[in-house]
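The numbering of the sequence shown is the numbering used here, which starts it at 20 and goes up by one.
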Amino acid sequence: MAIEQKHFHTLISCTQLSEALTAHDHASTNLRILDCRFDLTDTEAGRRAYTRSHIPGATYAHLDEDMSGPILPGITGRHPLPDPHDFARTLARLGISNNSQVALYDASGGSMASRMWWMLRWVGHQSVSVLDGGWDAWTAAGLPTRNGDETVQPGSYDATPRPELVVDAAEMLAKTASGGALVIDARAADRFRGENETHDPIGGHIPGASNLPQAGNLRHGLFLEQAELAARFSQLMGNRPPSEVIFYCGSGVSACHNILALEHAGLGEARLYPGSWSDWITDPARPIAQG
20 MAIEQKHFHT LISCTQLSEA LTAHDHASTN LRILDCRFDL TDTEAGRRAY TRSHIPGATY
80 AHLDEDMSGP ILPGITGRHP LPDPHDFART LARLGISNNS QVALYDASGG SMASRMWWML
140 RWVGHQSVSV LDGGWDAWTA AGLPTRNGDE TVQPGSYDAT PRPELVVDAA EMLAKTASGG
200 ALVIDARAAD RFRGENETHD PIGGHIPGAS NLPQAGNLRH GLFLEQAELA ARFSQLMGNR
260 PPSEVIFYCG SGVSACHNIL ALEHAGLGEA RLYPGSWSDW ITDPARPIAQ G
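Pasting the structure below:
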């Protein structure tokens with residue numbers, strides 16, 4: 020069985036990934052699996068969990084080390100994007116090449132895996148998908164796991180950066196002031212209002228933003244059906260094209276969940292403010308809203 024790469028560009032089911040793994044064991048394929056488990060409050064928890072047990076063949080990708088660039092206090096947010104060519108070298112170290120079919124998973128509803136999904140799209144990679152239901156669904160289905168670390172053959176990756184997917188703070192300020200884009204905050208409603216903020220020193224949201232928590236893309240840990248996702252986003256988008264929709268969150272991670280869901284719904288490719296709220300508040304001149 021050959022892997023049809025075109026089938027897996029947003030989500031992949033446990034059954035599909037299991038079949039692809041079987042094909043990988045018996046044929047020459049380009050399947051690469053990344054374990055993206057991560058806990059913001061215990062940054063080594065994901066790596067420990069990976070060593071204890073992971074999907075066979077998976078390598079571990081760390082949010083801070085592999086999916087973020089250097090933090091510059093007072094200048095960047097908590098998870099700034101790396102240089103795209105540095106990221107390409109990271110992908111190669113993780114065994115990924117330009118012709119790889121990549122499958123990603125985590126244990127947090129896809130929020131960490133979707134960041135890696137978006138970053139791969141950002142450097143020009145289309146054959147990348149997130150495991151629907153993640154680690155919990157895989158283990159609940161009784162599918163194979165193994166412990167320890169994996170050794171993978173390094174890949175070869177040439178990035179083709181897509182700057183049109185990225186919005187910086189200056190453009191955010193201009194877009195929100197002019198109403199030239201629909202800006203959507205993916206955080207929970209209380210953090211959007213400026214309440215119960217535990218990650219950033221200032222609570223609130225970018226003035227003019229709407230709130231669509233990424234958790235609403237899921238039911239029982241799985242993504243909603245495509246029609247349900249389409250209805251969820253269309254209520255806010257109206258007739259706006261996806262290129263006029265900008266997502267953000269606390270640090271550019273969970274916002275990618277909304278971008279993945281939007282694309283899986285068939286509504287197209289939106290844009291990301293990677294610095295997000297943690298970047299926005301580094302400049303006291305930028306306006307904030309609460310409530």
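Glycine included, each C-beta is placed from N, C-alpha and C at the ideal position. Computed from a predicted structure; not experimentally measured.
How many Å lie between residue i and residue j at the Cα?
i: isoleucine 278; j: aspartate 168; result: 31 Å
i: arginine 181; j: proline 101; result: 14 Å
i: glutamate 63; j: histidine 104; result: 25 Å
i: serine 37; j: alanine 160; result: 10 Å
i: asparagine 311; j: alanine 178; result: Limits of the chain in this structure are 20 at one end and 310 at the other, which puts residue 311 out of reach.
i: glutamate 214; j: glycine 294; result: 20 Å
i: phenylalanine 211; j: threonine 109; result: 33 Å
i: arginine 71; j: asparagine 166; result: 5 Å
i: tryptophan 296; j: arginine 290; result: 15 Å
i: leucine 248; j: asparagine 49; result: 30 Å
i: alanine 205; j: tryptophan 137; result: 15 Å
i: alanine 188; j: glycine 93; result: 14 Å
i: arginine 112; j: leucine 150; result: 22 Å
i: glycine 287; j: asparagine 258; result: 13 Å
i: proline 220; j: alanine 308; result: 14 Å
i: phenylalanine 242; j: glycine 152; result: 8 Å
i: asparagine 236; j: isoleucine 115; result: 28 Å
i: aspartate 302; j: threonine 78; result: 37 Å
i: leucine 123; j: serine 273; result: 15 Å
i: leucine 162; j: glycine 76; result: 13 Å
i: alanine 17; j: histidine 144; result: Coverage of the chain is limited to positions 20 through 310, which leaves residue 17 absent and any answer about it impossible.
i: proline 260; j: glutamate 216; result: 32 Å
i: arginine 251; j: alanine 280; result: 10 Å
i: alanine 234; j: alanine 42; result: 33 Å
i: glycine 310; j: glycine 222; result: 10 Å
i: proline 226; j: isoleucine 300; result: 12 Å
i: histidine 45; j: histidine 224; result: Because the pLDDT of histidine 45 is 46, which lies under 50, any placement of that residue in the model is unreliable, and the question is left without a value.
Considering Cα atoms alone, identify which of the options is closest to residue i.
i: serine 133; options: Leu40, Trp299, Asp298 and Glu282; result: Glu282
i: glutamate 263; options: Ala234, Val186, Asp302 and Arg212; result: Val186
i: proline 232; options: Glu244, Glu288, Leu110 and Gly269; result: Gly269
i: proline 99; options: Gly199, Gly198 and Ile90; result: Ile90
i: alanine 18; options: Ser72, Met191 and Gly65; result: What the structure shows of the chain is the stretch from 20 to 310, and residue 18 is not part of that stretch, so it cannot be assessed.
i: aspartate 61; options: Ala77, Ile74 and Asp83; result: Asp83
i: aspartate 155; options: Gly271, Ile74 and Glu288; result: Ile74
i: histidine 228; options: Asn236, Glu244 and Ala208; result: Checking the sequence, you will find alanine at residue 228 rather than histidine. Ranking Asn236, Glu244 and Ala208 by Cα distance to alanine 228 puts Ala208 first.
i: glycine 285; options: Lys194, Gly153, Arg305 and Ser253; result: Ser253
i: cysteine 6; options: Gly240, His224 and Asn236; result: Outside the shown range of the chain, which is 20 to 310, sits residue 6, and nothing can be said about it.
i: alanine 196; options: Arg305, Gly76 and Asp58; result: Arg305
i: threonine 29; options: Asn230, Gln245 and Leu40; result: Gln245
i: methionine 131; options: Asp58, Ala280, Leu184 and Pro163; result: Asp58
i: asparagine 230; options: Met256, Gln35 and Gly76; result: Met256
i: leucine 40; options: Thr164, His144 and Ala126; result: Thr164
i: alanine 126; options: Cys275, Trp157, Ala250 and His218; result: Trp157
Mapping DSSP to helix, strand and coil, what is residue i?
i: phenylalanine 266; result: strand
i: isoleucine 52; result: strand
i: tyrosine 292; result: coil
i: glutamine 120; result: strand
i: aspartate 204; result: strand
i: arginine 259; result: coil
i: isoleucine 90; result: coil
i: alanine 249; result: helix
i: alanine 64; result: helix
i: threonine 109; result: helix
i: proline 163; result: coil
i: methionine 237; result: It is leucine, not methionine, that sits at residue 237 in the sequence shown. Three-state DSSP puts leucine 237 in a strand.
i: asparagine 230; result: strand
i: alanine 77; result: coil
i: glycine 130; result: Reading off the sequence shown, one finds serine at residue 130, where the question assumed glycine. Helix, per DSSP.
i: serine 175; result: coil
i: histidine 104; result: helix
i: isoleucine 115; result: coil
i: cysteine 278; result: Position check: residue 278 holds isoleucine in this sequence, whereas cysteine was assumed. It is helical.
i: alanine 42; result: helix
Would you say the beta carbon of residue i is closer than 6 Å to some non-hydrogen atom of the ligand GTP?
i: threonine 41; result: Judged by which ligands are present, the structure shown has none, so any question about the ligand GTP falls away.
Can you tell me the Cβ-Cβ gap for residue i and residue j, rounded? I've got them flagged as a contact below 8 Å.
i: aspartate 298; j: glycine 96; result: 3 Å
i: isoleucine 31; j: serine 148; result: 4 Å
i: leucine 53; j: valine 142; result: Going by Cβ atoms, the distance from leucine 53 to valine 142 rounds to 14 Å, so no, they are not a contact pair.
i: arginine 56; j: alanine 68; result: 5 Å
i: methionine 135; j: tyrosine 292; result: With a Cβ gap of about 18 Å, methionine 135 and tyrosine 292 do not count as contacting.
Does residue i have its Cβ less than 7 Å from a Cβ in chain B?
i: leucine 243; result: The chain labelled as chain B is not found in the depicted structure, where only one protein chain is given.
Query raised in the report: Do the segment 80-88 and the segment 158-177 touch if we need at least three Cβ pairs shorter than 8 Å?
Result: no
**Report entry** Cβ contact check for the segment 200-209 and the segment 251-266: 3 or more pairs under 8 Å
**Finding:** yes
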